[in-house]
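Chemist: A single structure is presented below for examination.
Number of protein chains: 2
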Amino acid sequence: MLPVRYLNNDEIKELLSVEETIVVMEDLFKDLSDCQMPPKVYLDIPNGDFRAMPAVVKNTAGIKWCGVHLNEGRTKRKVNIFAKVIINDVATGKLLLLMDAEALTAIRTAAVTGLATKYISGGSSEVASFIGCGNQTKYQIEAILNVRDIKLIKLYDLDITQAEKMAEHFDNTVVCDSVKDCVEDADIITSLTPSRVPFLEYGWLKENSHINAVGADAEGKREMRPSILTGVGVVVYDEWEQCSHSGEIQYLDEVNSNAKLSSLEDIVSHKKIDLINGNGITMFDATGLAIEDVAAARCVYEKL
Amino acid sequence: MLPVRYLNNDEIKELLSVEETIVVMEDLFKDLSDCQMPPKVYLDIPNGDFRAMPAVVKNTAGIKWCGVHLNEGRTKRKVNIFAKVIINDVATGKLLLLMDAEALTAIRTAAVTGLATKYISGGSSEVASFIGCGNQTKYQIEAILNVRDIKLIKLYDLDITQAEKMAEHFDNTVVCDSVKDCVEDADIITSLTPSRVPFLEYGWLKENSHINAVGADAEGKREMRPSILTGVGVVVYDEWEQCSHSGEIQYLDEVNSNAKLSSLEDIVSHKKIDLINGNGITMFDATGLAIEDVAAARCVYEKL
C-alpha cells in the first residue's frame, strides 16, 4: 500500500556505512548555505518528549519525528527511543523514502563525531576512550577508527557487562573500572551517556587531548564538570543555537571560560582551522542536527 | 517491511466520514487543555513550502508533514500538495499508524467548518454558497448539509466547469456566474480559494449570514475585502496565534473593526456562545490545526 519504499533499521545498517557517512557529513558541513534548519520542536510528555526535526539540505527536504521515553523497568530505568525519517524532493514535493531512523541516527551521529575528530584531534592520536557503551557506541568507535590510527580502545560503562560486550566487537580493547582510569592516557575521549550529573574532570585529561561531548543534547543534560569548561582551549559546536540551549555549552556562562569558539562548518571549510593547534585541550559539542538526518537519508535514497 | 499499517487516501475516505469527524472535532474543541500544539514550522522553497505540524491530543502524539508546490502547467498554475501523518501513543511512544493525509486534511477541515457552522450560523439557514470548487469542496458541502437543513446549494469557481462538475454530486444546486450572484441570498458562505486578492464584499451579503473563511491559511492569502473585516459583528478563530499570522484576521489591524472575537473552543464549550446572536454577520476564520489532524488520525486508528 505504501507509495514509496520503507526501509527498516537492518536495511539502513546494510546500506549505510559509517565510513561513507563521514564523507557525506564532510560534504554537508563544508557549506551549509543551501540548508534550512528551524529549531527542533519539543512536545513534552510526562515521561519524556516527542521531537520534530525538519530540514532542507540542497535538493532534499525531510523531517525526523522521534521520541524519547523513560520507563521504569524492573531493575533499572529504561530509555525507549523511536525515530522515523521522511524525505521529499524539494523541486517537486515528491515523496522519496520513509525509514526507521534509530540506526540512521546512530550512524550519522557517529559520522559527525568522526568528522570532528578528523579535523580537531591530534594527528598522532593512538588511545581512544569511550564513556558509555549503549547502542550508539559501536558506530562511534568505528568512526574514530576510521579517522585515526588507534592502537588502544578504552571502554567504560556504569554497567561493566555493557562495556565487556562492546569490547568483544573490536581488537585492542580494555575495559576500565572508573571514568578516571578510562580517560587519563587518552588522546581522544568520546562521551556518550544520558547523564544529568557531570562526571568528567579536567585534571584527569592528557595534554592536548580531544573530547567529543556527544551525550548532552537537551536542556539539563551534561557530562563535563565545570573544570572542563574552564580548562578547554577550543570548543567546536555543531550548531550555535542548539548547542547553547542543549549542549555542554549551555553551562558556559556558569564558568570563567577563555575557550575559543567555532562552528564545525568553519573548521571543516578551513575558515578557522588555525585555532585548533596550540590552544590545549579541544572539545566538540554535538547535539545532533536535522540536516544530518536529511543528508544521511538522501545518501540512502541514492544508493537504492 | 513497514512495522505498522499504512493507509492511503482511498482507505481514509472509506473509514472516515465527514459526519463522524464533526463529532470528533466537537469532542476536541470542547476542551483543549490536554493538547499541545507548537506553531507550524515552515520551510520555504522557491515554488512553495514544506510544513511540519506536530501536536499532542490527549493520549496521542503525531505530526503532519506536508508540502505545497506551485508548478506552472501548460495552461495554468497547478498546485501540488502532499501530506503524511504519523501518530504515536503518548505513554509508550509506540508507533500507531502512518497514512496519506490529503484526504484526512480535506475531511477534518470540512468537519471543523461543519462544527463552526453548527454553533455559529442561524438555525434556519437554508441557502449555502461555496466559492471555489477544488478537491476539498465536496467534503465542505457534506459538512454544511450535515449541520443545517439546506434547500439550495450555490457554487462558484473561476473555472465554471469545476463548479458544474461539483454540482453533479448534489441535489438542488445552482452554478453561478459571479461571486456576487453566488453569495447575495446565502445564509452560509464557505470560501475555499487560494486567493491572495480579496474578492468578497460586505455589501453583497444577506443580514445575519455566516461566512466560513477557509481559504486564507498562510501569510499573504486573503479572500475577504476590508469591508468584510470592518462590517462583521463576530469573528471566531480556530487558534489565535495561527489566525493572526495566517488567517483573514492577519489584516484586522488594517481596518477599523468592532468585531467581537472568540475562539472556537470558547464557542463550542459554551463559554462565549451568547455573543453569536444579535451581532450581525459572523465569520469563522479557519487556518487548520495540527491537533485536528492528530484527532482525526486517532479516530481512524480506533476504527481499524
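Keeping their order, the protein sequence lines are chains A and B. The first sequence runs 1 to 304 under this note's numbering. The second sequence runs 1001 to 1304 under this note's numbering. From the three backbone atoms N, C-alpha and C, an ideal C-beta is built for every residue, glycine too.
Since A:GLN36 meets chain B, which of its residues come closer than 7 Å, beta carbon to beta carbon?
Modeler: Taking the first residue of the first sequence as 1, we reach residue 36 of chain A at position 36. Simply LEU1043.
Chemist: How is the beta strand (DSSP E) around A:ILE189 delimited, first residue to last?
Modeler: Taking the first residue of the first sequence as 1, we reach residue 189 of chain A at position 189. Element bounds for A:ILE189: 188 to 191.
Chemist: Identify whether B:VAL1268 lies in helix, strand or coil by the three-state DSSP scheme.
Modeler: For the purposes of this step, residue 1268 of chain B is taken as residue 268 along the second sequence, with counting starting at 1. Residue state, collapsed to three classes: helix.
Chemist: Once you ignore the five residues that flank A:ARG196 on each side, which residues in its own chain have a CB closer than 7 Å to its CB?
Modeler: Position 196 of the first sequence holds residue 196 of chain A. Answer for A:ARG196: GLY220, LYS221 and ARG222, listed in chain order.
Chemist: The alpha helix (DSSP H) with B:ALA1338 in it runs from where to where?
Modeler: Here chain B has residues from 1001 to 1304 only, and residue 1338 of chain B is not among them.
Chemist: Distance, Cα to Cα, A:VAL235 vs B:TYR1042?
Modeler: To locate residue 235 of chain A, count along the first sequence from 1; it is residue 235. To locate residue 1042 of chain B, count along the second sequence from 1; it is residue 42. If I take the Cα positions, the gap works out to 31 Å.
Chemist: May I ask you to list the residues that DSSP assigns as paired with B:GLY1062?
Modeler: For the purposes of this step, residue 1062 of chain B is identified with residue 62 of the second sequence, where counting begins at 1. B:GLY1062 pairs with B:ALA1055 and B:ILE1087.
Chemist: Assuming contact is defined by CB atoms lying nearer than 9 Å, are B:GLY1288 and B:THR1105 in contact in what I supplied?
Modeler: On the second sequence, residue 1288 of chain B is found 288 positions in, with the first residue counted as 1. On the second sequence, residue 1105 of chain B is found 105 positions in, with the first residue counted as 1. In this structure, B:THR1105 lies closer than 9 Å to B:GLY1288 by Cβ.
Chemist: Is the region 1010 to 1029 of chain B touching the region 1106 to 1116 of chain B in the sense that three or more CB pairs, one from each, lie closer than 8 Å?
Modeler: Touching, yes.
Chemist: On a Cα-Cα basis, can you pick out the residue from B:ASP1238, B:MET1224 and B:TYR1301 that is closest to B:LEU1252?
Modeler: Locating residue 1252 of chain B in the second sequence gives position 252, where the first residue counts as 1. Nearest of B:ASP1238, B:MET1224 and B:TYR1301 to B:LEU1252, Cα basis: B:MET1224.
Chemist: Could you say if the region 275 to 294 of chain A and the region 56 to 64 of chain A meet the contact criterion of at least three C-beta pairs nearer than 8 Å?
Modeler: Yes: at least three Cβ pairs fall under 8 Å.
Chemist: Check whether the region 168 to 187 of chain A touches the region 199 to 213 of chain A, taking contact to mean three or more Cβ pairs, one atom from each stretch, closer than 8 Å.
Modeler: These segments touch.
Chemist: My output table needs one value for B:ASP1217: the three-state DSSP class, helix, strand or coil.
Modeler: Taking the second sequence and counting its residues from 1, one reaches residue 1217 of chain B at position 217. Correct three-state label for B:ASP1217: coil.
Chemist: Check whether the Cβ atoms of A:ASN212 and A:MET283 sit closer than 9 Å, and answer yes or no.
Modeler: As a first step, residue 212 of chain A must be located in the first sequence, where it is residue number 212. As a first step, residue 283 of chain A must be located in the first sequence, where it is residue number 283. Yes, these two residues count as a Cβ contact at 9 Å.
Chemist: Would you decide whether A:ASN333 is buried or exposed? Buried here means 16 or more other CB atoms lie within 10 Å of its CB.
Modeler: The shown model of chain A, from 1 to 304, leaves out residue 333 of chain A, and the question about it has no answer.
Chemist: Starting from B:PHE1170, follow its DSSP beta bridges and name the residues at the other end.
Modeler: Position 170 of the second sequence holds residue 1170 of chain B. Answer is none; B:PHE1170 lacks a bridge partner.
Chemist: Quick one: what does DSSP say A:VAL112 is sitting in, helix, strand or coil?
Modeler: Within the first sequence, numbered from 1, the residue matching residue 112 of chain A stands at position 112. If DSSP states are grouped into helix, strand and coil, A:VAL112 belongs with the helices.
Chemist: Rounded C-beta distance between A:VAL174 and A:LEU152? I'm assuming under 8 Å.
Modeler: The residue you call residue 174 of chain A lines up with position 174 of the first sequence. The residue you call residue 152 of chain A lines up with position 152 of the first sequence. About 7 Å separates the two Cβ atoms, so the contact holds.
Chemist: Starting from A:GLY203, find everything on chain B with Cβ-Cβ shorter than 9 Å and list it in chain order.
Modeler: Along the first sequence, read from residue 1 onward, the residue named residue 203 of chain A stands at position 203. Those within 9 Å of A:GLY203 in chain B number zero; the least Cβ separation is about 40 Å.
Chemist: On the three-state DSSP scale, how would you describe B:GLY1048?
Modeler: Taking the second sequence and counting its residues from 1, the one referred to as residue 1048 of chain B is at position 48. In this structure, B:GLY1048 counts as strand in the three-state DSSP scheme.
Chemist: Under 9 Å between the Cβ atoms of B:VAL1112 and B:ALA1286?
Modeler: Here residue 1112 of chain B is taken as the residue at index 112 of the second sequence, counted from 1. Here residue 1286 of chain B is taken as the residue at index 286 of the second sequence, counted from 1. Yes, they are a contact pair.
Chemist: Quick one, are the C-beta atoms of A:ASN80 and B:THR1190 less than 9 Å apart?
Modeler: In the first sequence, residue 80 of chain A corresponds to position 80, counting from 1. In the second sequence, residue 1190 of chain B corresponds to position 190, counting from 1. Contact flag unset, no.
Chemist: Return the first residue and the last residue of the alpha helix (DSSP H) that B:PHE1199 is part of.
Modeler: Reading the second sequence from its first residue, position 199 is the one you call residue 1199 of chain B. First-last for B:PHE1199: undefined, no H or E at that position.
Chemist: Which one of A:LEU2, A:ASN8 and A:TYR6 has the shortest CA to CA distance from B:ASN1009?
Modeler: On the second sequence, residue 1009 of chain B is found 9 positions in, with the first residue counted as 1. The residue with the shortest Cα to Cα distance from B:ASN1009 is A:LEU2.
Chemist: Got a sec: is the Cβ-Cβ distance from A:ASN80 to anything in chain B below 9 Å?
Modeler: As a working mapping, residue 80 of chain A is identified with position 80 in the first sequence. With 9 Å as the cut-off, A:ASN80 counts as an interface residue toward chain B.
Chemist: Find the nearest neighbour of A:ILE276 within the set A:GLU142, A:ILE120 and A:ARG148, judged by alpha-carbon distance.
Modeler: Your numbering for residue 276 of chain A matches position 276 in the first sequence. Answer by Cα proximity: A:ILE120.
Chemist: Which residues share a DSSP beta bridge with A:TYR42?
Modeler: Sequence index remark: in the first sequence, residue 42 of chain A carries index 42 (1-based). According to DSSP, A:TYR42 bridges with A:ARG51.
Chemist: Does the region 1268 to 1275 of chain B come close enough to the region 295 to 302 of chain A that 3 or more CB-CB pairs lie under 8 Å?
Modeler: Result no; under three Cβ-Cβ pairs closer than 8 Å.
Chemist: Leaving out five residues on either side along the sequence, give the residues of the same chain with a beta carbon under 8 Å from the beta carbon of B:ARG1051.
Modeler: In the second sequence, residue 1051 of chain B corresponds to position 51, counting from 1. Cβ neighbours of B:ARG1051 beyond the five flanking positions: LYS1040, VAL1041, TYR1042, LEU1043, LYS1064, TRP1065, CYS1066, GLY1067 and VAL1068.
Chemist: Just to confirm the assignment, what range does the alpha helix (DSSP H) spanning A:SER33 have?
Modeler: The residue given as residue 33 of chain A occupies position 33 in the first sequence. A:SER33 -> no alpha helix (DSSP H), and no H or E assigned at all.
Chemist: According to DSSP, simplified to helix, strand and coil, what is B:ALA1259?
Modeler: By 1-based counting over the second sequence, the position of residue 1259 of chain B is 259. Here B:ALA1259 sits in coil by DSSP.
Chemist: Measure from the C-beta of A:ILE63 to each C-beta in chain B and report whether the shortest distance is under 9 Å.
Modeler: In the first sequence, the residue the question calls residue 63 of chain A occupies position 63. With 9 Å as the cut-off, A:ILE63 counts as an interface residue toward chain B.
Chemist: Under DSSP, the beta strand (DSSP E) around A:LYS13 begins and ends at which residues?
Modeler: Residue mapping note: residue 13 of chain A aligns to position 13 of the first sequence, counting from 1. From DSSP, A:LYS13 is part of no beta strand (DSSP E) but of the alpha helix (DSSP H) over 9 to 15.
Chemist: Return the chain-ordered ranges of every alpha helix (DSSP H) run that is complete within the region 1143 to 1168 of chain B and spans a minimum of 4 residues.
Modeler: Segments of the alpha helix (DSSP H) lying fully in the region 1143 to 1168 of chain B: 1160 to 1167.
Chemist: Could you name the residues of the same chain whose beta carbon sits closer than 7 Å to that of B:LEU1205, not counting the 5 residues immediately before and after it, in chain order?
Modeler: Locating residue 1205 of chain B in the second sequence gives position 205, where the first residue counts as 1. Result list for B:LEU1205: VAL1183 and ILE1281, in chain order.
Chemist: Which of the three DSSP states is assigned to A:LEU229 in this structure?
Modeler: Residue 229 of chain A sits at position 229 when you count from the first residue of the first sequence. Reduced to three states, the DSSP call for A:LEU229 is helix.
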